[in-house]
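Residue numbers (my numbering), protein chains in the order written: chain Y, 4 to 194; chain F, 4 to 194. Read through the structure below, which is laid out as structure tokens, and then see the notes.
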């Protein structure tokens with residue numbers, strides 16, 4: 004059993020909490036009214052929109068030292084829906100890793116809509132969570148949580164690959180926003 | 004019926020030719036020994052590896068004026084398999100469009116392995132071809148070829164989205180190279 008803390012109570016945070024609970028893990032979920040409550044999980048999921056990450060890091064950076072921190076964001080320009088707000092050769096995950104040098108930062112969950120995490124399926128496929136990061140042990144811990152919750156997990160490589168995961172998440176969001184796919188569809192992975 | 008020319012006789016060129024032929028379209032396929040043969044198709048698929056594109060453009064640029072040109076490349080650094088060789092904020096498709104200002108350039112087929120184009124399926128799903136481009140009519144023509152050949156087609160937006168399609172193609176290639184997915188698997192699209 005892993006102790007998980009999820010910062011954020013939106014659709015994504017709730018869906019990830021349900022996956023972890025289904026896998027028998029301990030879940031602490033903290034929202035905007037819990038700013039004085041310390042995170043106790045060994046794995047901390049930043050389930051907040053990208054614009055809110057910097058405030059979370061500022062508030063809780065010290066608490067996150069030594070922990071596995073999971074960035075799930077899609078750093079879109081939500082006004083134009085036509086670009087990312089991070090540098091083209093970087094990623095939100097790389098920025099977060101730079102801001103949290105004492106944490107092991109992973110990118111995950113940004114390529115799965117909340118609906119496909121909650122359902123456990125995307126169309127006829129089991130939902131697959133793509134995980135990028137530079138620490139193999141940390142990736143294994145998160146993959147264990149994901150698979151114990153009934154989903155598939157794939158190691159997508161080093162944290163550098165977060166750039167491609169964020170491009171994929173961005174593309175998928177534009178397809179859903181333009182009604183090319185539904186919010187319960189999108190990309191599935193066939194092994 | 005559309006007249007299609009495919010430059011390149013590799014796995015991808017053959018698979019795209021088969022899709023078009025299945026849809027009842029006329030296909031001219033040209034290889035390395037056909038440099039003196041003019042392209043006659045209204046739609047021309049550049050089914051050559053990215054490093055060969057510039058030579059094709061130099062040789063046939065004049066012939067491609069007025070035509071729909073389809074870039075299918077994944078511009079990877081194939082020595083490292085760890086980055087793309089185009090600028091991070093651009094794409095191979097954008098470069099080709101700049102080099103062929105009198106053509107209507109589309110990005111397509113780079114997110115589907117040859118095996119899934121040939122089979123028409125990826126796992127339990129019908130193979131989906133994602134098409135990006137700035138000319139809606141050109142996208143419709145290509146989508147018509149794809150769907151008449153039994154595949155799904157999705158308009159993925161403006162040519163600017165080729166950046167994300169190339170990131171997706173890159174990610175998928177790294178997953179296959181690392182045996183996380185097979186060369187007959189990869190990403191499928193659930194509408």
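C-beta: ideal position from N, C-alpha, C; glycine also.
Under 9 Å from the C-beta of residue 59 of chain F: neighbouring residues of chain Y: By Cβ distance, chain Y contributes nothing, its closest Cβ being about 26 Å from residue 59 of chain F, past 9 Å.
Should the region 64 to 80 of chain Y be regarded as contacting the region 38 to 54 of chain Y, the criterion being three or more beta carbon pairs within less than 8 Å? yes
When you compare the region 44 to 60 of chain F with the region 178 to 186 of chain F, are there three or more beta-carbon pairs, one atom per stretch, that lie closer than 8 Å? no
Smallest Cα separation from residue 170 of chain F: which of F:124, F:96, F:126? F:96
Beta-carbon proximity of residue 19 of chain F to residue 116 of chain F, cut-off 8 Å: no
Determine the chain F residues that contact residue 184 of chain Y at a beta-carbon separation under 8 Å, and present them in chain order. 157, 192, 193, 194
Hey, would you say residue 22 of chain F sits closer than 8 Å to residue 154 of chain F, going by beta carbons? yes
Give me the Cα-Cα distance between residue 135 of chain Y and residue 88 of chain Y, rounded to the nearest whole angstrom. 20 Å
How big is the Cα-Cα spacing for residue 76 of chain Y and residue 37 of chain F? 49 Å
In chain order, each alpha helix (DSSP H) run of at least 4 residues that lies wholly inside the region 75 to 124 of chain Y: 95 to 102, 117 to 122
On the premise that residue 166 of chain Y lies in contact with residue 141 of chain Y, defined as a C-beta separation below 8 Å, what is that separation, rounded to the nearest angstrom? The pair is not a contact, with the Cβ atoms about 19 Å apart (cut-off 8 Å).
First and last residue of the uninterrupted beta strand (DSSP E) at residue 42 of chain Y: Element bounds for residue 42 of chain Y: n/a, residue is neither H nor E.
Residue 194 of chain F: which of Y:125, Y:168, Y:158 sits nearest, CA to CA? Y:125
Mind checking which residues open and close the alpha helix (DSSP H) that includes residue 192 of chain F? It is not in any alpha helix (DSSP H) - residue 192 of chain F instead sits in the beta strand (DSSP E) that spans 189 to 193.
Out of F:185, F:157, F:162, state which residue places its alpha-carbon closest to the alpha-carbon of residue 185 of chain Y. F:157
Give me the residue from Y:26, Y:4, Y:27, Y:55 with the minimum Cα distance to residue 10 of chain Y. Y:55
Does the distance from the C-beta atom of residue 191 of chain Y to that of residue 191 of chain F stay below 8 Å? yes
Round the Cβ separation of residue 162 of chain Y and residue 100 of chain Y to the nearest angstrom and send it over; I've been treating them as touching at under 8 Å. 6 Å
Can you tell me which of F:121, F:114, F:130 puts its alpha carbon nearest to the alpha carbon of residue 14 of chain F? F:121
Tell me which residues of the region 112 to 127 of chain F have at least one Cβ-Cβ distance to chain Y shorter than 8 Å, keeping chain order. 125, 126, 127
Would residue 189 of chain Y and residue 119 of chain Y qualify as a contact pair, given that the criterion is a beta-carbon distance under 8 Å? yes
Residue 130 of chain F to residue 123 of chain F span [Cα, whole Å]: 5 Å
Could you check the C-alpha separation between residue 58 of chain Y and residue 168 of chain F for me, to the nearest Å? 32 Å
Is the shortest distance between the beta-carbon of residue 167 of chain F and the beta-carbons of chain Y less than 8 Å? yes
Nearest to residue 183 of chain F by alpha carbon, out of Y:17, Y:132, Y:183? Y:132
Express the C-alpha separation of residue 86 of chain Y and residue 93 of chain F in angstroms, rounding to a whole number. 12 Å
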